[in-house]
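J.:
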Amino acid sequence: MKTKFERILRSLNLKSTPKRIAMLEVLDDEQVYLSPEDIWLRLKKRFRTLGLPTVYRNLEGLFEGGVISRVIHPDRKLYYYLCRNEEHHHHFICMSCRRVEDVRFCAERELQEAVRSGIRGKVLSHILQINGLCHACLKKEGTVHVS
Ligand SMILES: [Zn+2]
Ligand SMILES: [Zn+2]
Ligand SMILES: [Zn+2]
Numbered sequence: 845m846k847t848k849f850e851r852i853l854r855s856l857n858l859k860s861t862p863k864r865i866a867m868l869e870v871l872d873d874e875q876v877y878l879s880p881e882d883i884w885l886r887l888k889k890r891f892r893t894l895g896l897p898t899v900y901r902n903l904e905g906l907f908e909g910g911v912i913s914r915v916i917h918p919d920r921k922l923y924y925y926l927c928r929n930e931e932h933h934h935h936f937i938c939m940s941c942r943r944v945e946d947v948r949f950c951a952e953r954e955l956q957e958a959v960r961s962g963i964r965g966k967v968l969s970h971i972l973q974i975n976g977l978c979h980a981c982l983k984k985e986g987t988v989h990v991s
């Protein structure tokens with residue numbers, strides 16, 4: 845029987861290999877963004893010959909194929925996460941614990957209007973990533989009172 849990830853890879857015309865599936869499983873297990881090193885550390889016991897460059901290459905392939913997303917991080921390192929919610933939405937990224945949450949907010953209409961009237965252009969697509977601190981991290985810092 846095919847796993848859900850094999851089906852996803854096939855449907856996007858991407859090569860399905862045990863290593864790719866394992867990388868997706870690691871990302872799916874944790875609702876946080878991970879660096880290629882993080883993923884490599886979690887998989888190198890299972891795949892003894894797995895090299896870090898292979899992890900980099902496969903993650904980039906999965907990103908380009910539209911299976912996983914890449915974080916734009918101020919530290920300029922590479923991080924990836926997996927979200928299988930196919931509706932148009934954006935992501936909140938916790939800068940402290942690396943949690944990734946769906947945000948069901950999109951200012952598409954306002955953007956279209958601002959671009960149309962402001963620069964007389966047309967929006968074809970947009971990228972929005974919200975960087976912040978999640979509720980649990982705020983609680984840890986003692987900066988919010990939980991009701
Ligand atoms: Zn957090
Ligand atoms: Zn999402
Ligand atoms: Zn949007």
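First residue of the sequence shown: 845, per my numbering; consecutive thereafter. By construction, the Cβ of each residue, glycine as well, lies at the ideal position given by its N, Cα and C atoms. Every value quoted in this text rests on a predicted model; they were computed, and no experiment measured them.
1) Could you give the C-beta distance for Leu972 and His934, rounded to a whole number, given that I count them as a contact under 8 Å?
2) Let me know if Ser855 comes out buried or exposed under the rule of 16 or more other beta-carbons within 10 Å of its beta-carbon.
3) Pull up the distance between the alpha-carbon of Cys981 and that of Asn975, whole angstroms please.
4) If you draw a straight line from the C-alpha of Ser860 to the C-alpha of Val959, how long is it?
5) On a Cα-Cα basis, can you pick out the residue from Val876, Val870 and Gln875 that is closest to Lys888?
6) Buried or exposed for Arg943, please, with buried defined as at least 16 other CB atoms from any protein chain shown within 10 angstroms of its CB.
7) Under 7 Å from any heavy atom of ligand 2, does the C-beta of Asp946 make it?
8) Once you ignore the five residues that flank Tyr923 on each side, which residues in its own chain have a CB closer than 8 Å to its CB?
9) According to DSSP, simplified to helix, strand and coil, what is Ile916?
10) Quick check on the burial criterion: 16 or more other C-beta atoms within 10 angstroms. Buried or exposed for Arg864?
11) Suppose only complete runs of 3+ residues qualify. What are the beta strand (DSSP E) ranges in the segment 864 to 951, listed by chain order?
12) Assign Ile963 to one of three DSSP states: helix, strand, or coil.
13) According to the Cβ coordinates, are Glu930 and Phe936 closer than 8 Å?
T.: Taking the coordinates as given:
1) As a first step, residue 972 is located in the sequence shown; it is residue number 128 there, counting from the start. As a first step, residue 934 is located in the sequence shown; it is residue number 90 there, counting from the start. That pair is a contact at about 4 Å.
2) Here residue 855 corresponds to residue number 11 of the sequence shown, with the count starting at 1. Ser855 should be labelled exposed.
3) Indexing the sequence shown from 1 puts residue 981 at position 137. Indexing the sequence shown from 1 puts residue 975 at position 131. Distance between the alpha carbons of Cys981 and Asn975 is about 13 Å.
4) Taking the sequence shown and counting its residues from 1, one reaches residue 860 at position 16. Taking the sequence shown and counting its residues from 1, one reaches residue 959 at position 115. Looking at the two C-alpha atoms, the distance is approximately 40 Å.
5) Counted from its first residue, the sequence shown places residue 888 at position 44. Here the closest residue by C-alpha is Val870.
6) Your numbering for residue 943 matches position 99 in the sequence shown. Buried: at least 16 other Cβ atoms inside 10 Å.
7) What you label residue 946 is simply residue 102 of the sequence shown in a count that begins at 1. The answer is yes for Asp946.
8) Locating residue 923 in the sequence shown gives position 79, counting from the first residue. Tyr877, Leu878, Ser879, Arg914, Val915, His917 and Arg942, listed in sequence order.
9) Counting from 1 along the sequence shown, the entry for residue 916 is found at position 72. In the structure shown, Ile916 sits in coil (DSSP, three-state: anything other than H, G, I, E or B).
10) Within the sequence shown, the letter at position 20 stands for residue 864. Buried, since its Cβ has 16 or more Cβ neighbours within 10 Å.
11) 913 to 915, 923 to 925, 934 to 938 and 944 to 947
12) Taking the first residue of the sequence shown as position 1, residue 963 is located at position 119. Coil, per DSSP.
13) Numbered from 1 along the sequence shown, position 86 holds the residue referred to as residue 930. Numbered from 1 along the sequence shown, position 92 holds the residue referred to as residue 936. Against a cut-off of 8 Å, the Cβ pair of Phe936 and Glu930 comes out as no contact.
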